[in-house]
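S.K.: Pasting in a structure now, in structure tokens, and then I'll have a few things to ask.
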Amino acid sequence: MNKSPRRTLAVMTAAAALVGGTALAGTAHAAPQHASGSQAQQLQQQVDGYLAKDSGARQVSADKVAFKGGTVTFTGRGQENSRASRAPSCRHGHLCIVDGSGKRYDYYRCGTYNFYGIGNGTFNNNQTSGTVARFYNRNGSLRWTNRAKDTGTASWTPVWKIKPC
51 MNKSPRRTLA VMTAAAALVG GTALAGTAHA APQHASGSQA QQLQQQVDGY
101 LAKDSGARQV SADKVAFKGG TVTFTGRGQE NSRASRAPSC RHGHLCIVDG
151 SGKRYDYYRC GTYNFYGIGN GTFNNNQTSG TVARFYNRNG SLRWTNRAKD
201 TGTASWTPVW KIKPC
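Residue numbering for the sequence shown follows the working numbering, beginning at 51 and increasing consecutively.
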């Protein structure tokens, strides 16, 4: 089987972290210490899939990607339902979303962002009171809005872009 150097490095890094408790330096990061080798590979595949969609994003830890204005944190298999069923904690000034697969999006800068969430999930609009978050359809038309401070549930599959403010 022919593996890419990046994937090989990611798997080796995850294994080192699981055994020795420390991560190797570099662009690949170790998986959370509770993750098995196959869970670490699944997590890295999720991260790689996101990075392929957003050329400006970069991996900052085993389960987190940063993009201009926010982050997305991925979850291991089996944690999806518990995360998606409750509104996420969210720092003041942020819009936080958990989609149906358990991915956690945290927007902290005004702008319009592509959104890759799916399924039913939750949100916490913890921006300055009165700030309006906008959610857009595939064709760019406004789907719905939400005024801060508020939490709730939403279907994320039809949302293609988000403007937190």
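Cβ atoms here follow ideal geometry from the backbone N, Cα and C, with glycine treated the same way.
Since the structure is predicted, the reported quantities are computational estimates derived from the model, not experimental observations.
Please report the straight-line C-alpha distance between S205 and V148, rounded to a whole angstrom.
M.R.: Here the question's residue 205 lines up with position 155 in the sequence shown. Here the question's residue 148 lines up with position 98 in the sequence shown. If you take the alpha carbons of S205 and V148, they lie about 11 Å apart.
S.K.: Assuming Y166 and K211 make a contact with CB atoms under 8 Å, what is their CB distance in whole Å?
M.R.: For this step, residue 166 is matched to residue 116 along the sequence shown. For this step, residue 211 is matched to residue 161 along the sequence shown. So it is not a contact: roughly 10 Å between Cβ atoms.
S.K.: Please say whether G126 and L101 have beta carbons closer to each other than 8 Å?
M.R.: Stepping through the sequence shown from its first residue, residue 101 is reached at position 51. Stepping through the sequence shown from its first residue, residue 126 is reached at position 76. Against a cut-off of 8 Å, the Cβ pair of G126 and L101 comes out as no contact.
S.K.: Just grab the DSSP bridge partners of C140 for me.
M.R.: Translated into the one-based positions of the sequence shown, residue 140 becomes position 90. Note: C140 sits in no beta bridge, so no partner.
S.K.: Just to confirm the assignment, what range does the alpha helix (DSSP H) spanning A90 have?
M.R.: On the sequence shown, residue 90 is found 40 positions in, with the first residue counted as 1. Element bounds for A90: G87 to K103.
S.K.: Let me know the secondary structure DSSP gives Y158 once reduced to three states.
M.R.: Here residue 158 refers to the residue found at position 108 when the sequence shown is read from its first residue. If DSSP states are grouped into helix, strand and coil, Y158 belongs with coil.
S.K.: Assuming G169 and T201 form a contact by the criterion Cβ under 8 Å, report the distance between their Cβ atoms to the nearest whole angstrom.
M.R.: Along the sequence shown, read from residue 1 onward, the residue named residue 169 stands at position 119. Along the sequence shown, read from residue 1 onward, the residue named residue 201 stands at position 151. 18 Å between Cβ atoms; not a contact.
S.K.: Once the 5 residues before and after T178 are set aside, which same chain residues still bring their CB inside 7 Å of it?
M.R.: In the sequence shown, the residue the question calls residue 178 occupies position 128. Excluding residues within five positions, the ones whose Cβ falls inside 7 Å are G143 and A198.
S.K.: Applying the criterion that 16 or more other CB atoms from any shown protein chain within 10 Å of the CB defines a buried residue, is C146 buried or exposed?
M.R.: Along the sequence shown, one-based indexing puts residue 146 at 96. That one is buried.
S.K.: Between the Cα of N196 and the Cα atoms of F185, G150 and G190, which residue gives the shortest distance?
M.R.: In the sequence shown, counting from the first residue as 1, residue 196 sits at position 146. Among F185, G150 and G190, the Cα nearest to that of N196 is on F185.
S.K.: Please work out which residues of its chain come closer than 8 Å, Cβ to Cβ, to R159, disregarding the five sequence neighbours upstream and downstream, and give them in chain order.
M.R.: Here residue 159 corresponds to residue number 109 of the sequence shown, with the count starting at 1. Closer than 8 Å at Cβ, skipping near neighbours: K118, G119, G120 and P214.
S.K.: Taking the C-alpha atoms as reference points, what is the distance between C140 and N187?
M.R.: Numbered from 1 along the sequence shown, position 90 holds the residue referred to as residue 140. Numbered from 1 along the sequence shown, position 137 holds the residue referred to as residue 187. The alpha-carbon atoms of C140 and N187 are separated by roughly 24 Å.
S.K.: I'd like to check one pair, T162 with T203: are the Cβ atoms closer than 8 Å?
M.R.: Against the sequence shown, residue 203 aligns to sequence position 153. Against the sequence shown, residue 162 aligns to sequence position 112. For T203 and T162, no; Cβs fall outside 8 Å.
S.K.: Expressed to the nearest angstrom, what Euclidean distance is found between the alpha-carbon atoms of A151 and K114?
M.R.: Counting from one through the sequence shown, the residue named residue 151 turns up at place 101. Counting from one through the sequence shown, the residue named residue 114 turns up at place 64. The sequence shown places Ser at residue 151, not Ala. When rounded, the distance between both Cα atoms is 15 Å.
S.K.: Checking 8 Å against the spacing of the C-beta atoms, do K153 and T123 come in under that value?
M.R.: Residue 153 sits at position 103 when you count from the first residue of the sequence shown. Residue 123 sits at position 73 when you count from the first residue of the sequence shown. The answer is yes: Cβ separation under 8 Å.
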